[in-house]
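Numbering (our numbering), first residue to last: 1 to 54. Note that CB positions come from ideal geometry on N, CA and C, so glycine has one too. Every value quoted in this text rests on a predicted model; they were computed, and no experiment measured them. The next block holds one structure in the form of structure tokens; read it before the comments.
What follows is the structure in structure tokens.
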């Protein structure tokens, strides 16, 4: 079981993402599309096109 801090925020990127893109592209999505700091104390979740993976 995972235990998270009480002040930790979790964000979900709603549009599907190609998971082959890599961490730099995902960080750019957080920064540009979600307008959030990718280095902030938060969890950013992404989904694939068929909604089979998160």
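Asked                                                                                                      : Found
Taking the beta strand (DSSP E) that residue 29 falls in, what are its first and last residues?            : Element bounds for residue 29: not the beta strand (DSSP E) but the alpha helix (DSSP H), 23-32.
Which residue's Cα is closest to the Cα of residue 39: 14, 23, 53, 3?                                      : 23
Rounded to the nearest angstrom, what separates residue 50 and residue 41 at their Cα positions?           : 28 Å
Identify every residue that forms a DSSP beta bridge with residue 42.                                      : 9
Quick check: the Cα distance between residue 37 and residue 30, rounded to an integer number of angstroms? : 7 Å
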